[in-house]
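Take the position in the sequence shown, starting the count at 1, then add 20; the result is the number in my numbering.
For glycine and all other residues, C-beta sits at the position ideal for the given N, C-alpha and C.
No experiment lies behind these values; they were computed from the predicted model shown.
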Amino acid sequence: MLLMIVKCTKSYEDLRTYNNMLHPTFKEACKAHGLFNDDNEWYNAFDEVARWATSEQLRHLFVTMLIYCEVGDEPTFFEKVWQLLADDIQYNMRKTLNLPSYQMPINEIRDHLLDKLSILFNKCDSNIRDYNLPLKTNSAGSSYGNRYIEEELSYNFNALLSEAQNLHMKLNEQQLYAFNTIVHIVLSNISGFFFLSGYGGTRNTFLWNTIVTHLRAQKRIVFVASSGVASLLLSGGRTTHSRFKIPCEMDETSICDIKEVQSLPS
Numbered sequence: 021m022l023l024m025i026v027k028c029t030k031s032y033e034d035l036r037t038y039n040n041m042l043h044p045t046f047k048e049a050c051k052a053h054g055l056f057n058d059d060n061e062w063y064n065a066f067d068e069v070a071r072w073a074t075s076e077q078l079r080h081l082f083v084t085m086l087i088y089c090e091v092g093d094e095p096t097f098f099e100k101v102w103q104l105l106a107d108d109i110q111y112n113m114r115k116t117l118n119l120p121s122y123q124m125p126i127n128e129i130r131d132h133l134l135d136k137l138s139i140l141f142n143k144c145d146s147n148i149r150d151y152n153l154p155l156k157t158n159s160a161g162s163s164y165g166n167r168y169i170e171e172e173l174s175y176n177f178n179a180l181l182s183e184a185q186n187l188h189m190k191l192n193e194q195q196l197y198a199f200n201t202i203v204h205i206v207l208s209n210i211s212g213f214f215f216l217s218g219y220g221g222t223r224n225t226f227l228w229n230t231i232v233t234h235l236r237a238q239k240r241i242v243f244v245a246s247s248g249v250a251s252l253l254l255s256g257g258r259t260t261h262s263r264f265k266i267p268c269e270m271d272e273t274s275i276c277d278i279k280e281v282q283s284l285p286s
């Protein structure tokens, strides 16, 4: 189309230039020339489907429209509908983390959405980078994607502080000694290894939960357990084999299934 209307061109840059402005792509140059119709027909079609479709279905529709339809302004289309496309992401993350009140930052929701769209584009032998959509705000090595850290830092710290003070008041003399010793080591960034021994009914779990609550109130990241029973007894507990993907049935070839690009190693 540009070759038909741009006169005396000598280079690709000439084709992409309009009113003395060099546009980054031929599509942008076409839009500047007014060669595209508006995208209202695609907006209307999407809005009609959005009345009944799930977010997953809308993501498929969005990708299909960008690949097979003549959407003129992909970034504007994305900004118009991204909240509908991402409507289920926070809900699913809360279920995954078992944290009903977890609030995902907006930029993290958008990044998760872009990841999901990228997968759909790949399934269609296409690439999300070809459609001028926004870039993710965080790299794989930053806080985005490391929901294990986000999970531990998403607590209501004021509520935790109040709860920690209440639990601390109920410790007996021996529990208080263990509490002070362990917490001092942790907050002083000193390495330590402790074994807490006690018969059933001596409130070992109560002591551990007091320590956990106190440390989380100090915005410290805590921690994993070795067994399913222990993880259920401890507040926010996780087993080591589930958190670090340690195989339950071990042989000479067993390894932890942690990919290099995942956030678990950090």
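Who does residue i pair with in a DSSP beta bridge?
| i | result |
| --- | --- |
| Tyr38 | Met41 |
At least one CB of chain D closer than 7 Å to the CB of residue i: is that the case?
| i | result |
| --- | --- |
| Asp131 | Looking at the structure shown, chain D is missing, and only one protein chain is on hand. |
DSSP three-state call for residue i: helix, strand or coil?
| i | result |
| --- | --- |
| Lys47 | helix |
| Ile25 | helix |
| Ala90 | Before going further, note that residue 90 is Glu rather than Ala in the sequence given. Three-state DSSP puts Glu90 in coil, outside helix and strand. |
| Trp62 | helix |
| Leu191 | coil |
| Leu181 | helix |
| Trp228 | helix |
| Pro95 | helix |
| Val242 | coil |
| Leu153 | coil |
| Ile210 | coil |
| Arg223 | coil |
| Thr74 | coil |
| Tyr175 | coil |
| Gln103 | helix |
I'd like to know whether the C-beta atoms of residue i and residue j end up nearer to each other than 7 Å.
| i | j | result |
| --- | --- | --- |
| Val91 | Trp62 | yes |
| Asn229 | Ser255 | yes |
| Leu86 | Glu94 | yes |
| Ser146 | Asp108 | no |
| Ala237 | Leu180 | yes |
| Leu216 | Asn224 | yes |
| Phe214 | Ile202 | yes |
Applying the criterion that 16 or more other CB atoms from any shown protein chain within 10 Å of the CB defines a buried residue, is residue i buried or exposed?
| i | result |
| --- | --- |
| Lys156 | buried |
| Ile231 | buried |
| Leu235 | buried |
| Arg36 | buried |
| Leu207 | exposed |
| Cys144 | exposed |
| Phe66 | buried |
| Leu23 | exposed |
| Asp131 | buried |
| Phe97 | buried |
| Asp59 | buried |
| Phe82 | buried |
Excluding the 5 residues flanking residue i on each side, which residues of the same chain have their C-beta closer than 7 Å to its C-beta?
| i | result |
| --- | --- |
| Arg79 | Leu105, Lys136, Leu137 and Leu140 |
| Cys89 | Trp62 |
| Tyr175 | Arg236 |
| Leu42 | Glu33 and Arg36 |
| Ile126 | none |
| Leu133 | Trp102, Leu105, Ala106 and Ile109 |
| Tyr151 | Leu86 and Glu94 |
| Arg114 | Pro120 and Tyr122 |
Identify, in the order they occur along the chain, each residue of the same chain with its Cβ nearer than 8 Å to the Cβ of residue i, setting aside the five sequence neighbours on each side.
| i | result |
| --- | --- |
| Asn39 | Ala52 |
| Phe199 | His188, Leu191, Leu227, Thr230, Ile231 and His234 |
| Cys28 | Asp34 |
| Ala70 | Leu78, Val101 and Leu104 |
| Ala73 | Leu81 |
Within a Cβ cutoff of 6 Å, which residues of the same chain sit near residue i, ignoring the five residues on either side of it in sequence?
| i | result |
| --- | --- |
| Ser162 | Residue placement at Ser162 cannot be trusted, given a pLDDT of 38 that sits under 50; the coordinates are not used to answer. |
How about residue i: is its Cβ closer than 6 Å to a heavy atom in the ligand ATP?
| i | result |
| --- | --- |
| Asp107 | Ligands in the displayed structure: none, and consequently the ligand ATP is not present. |
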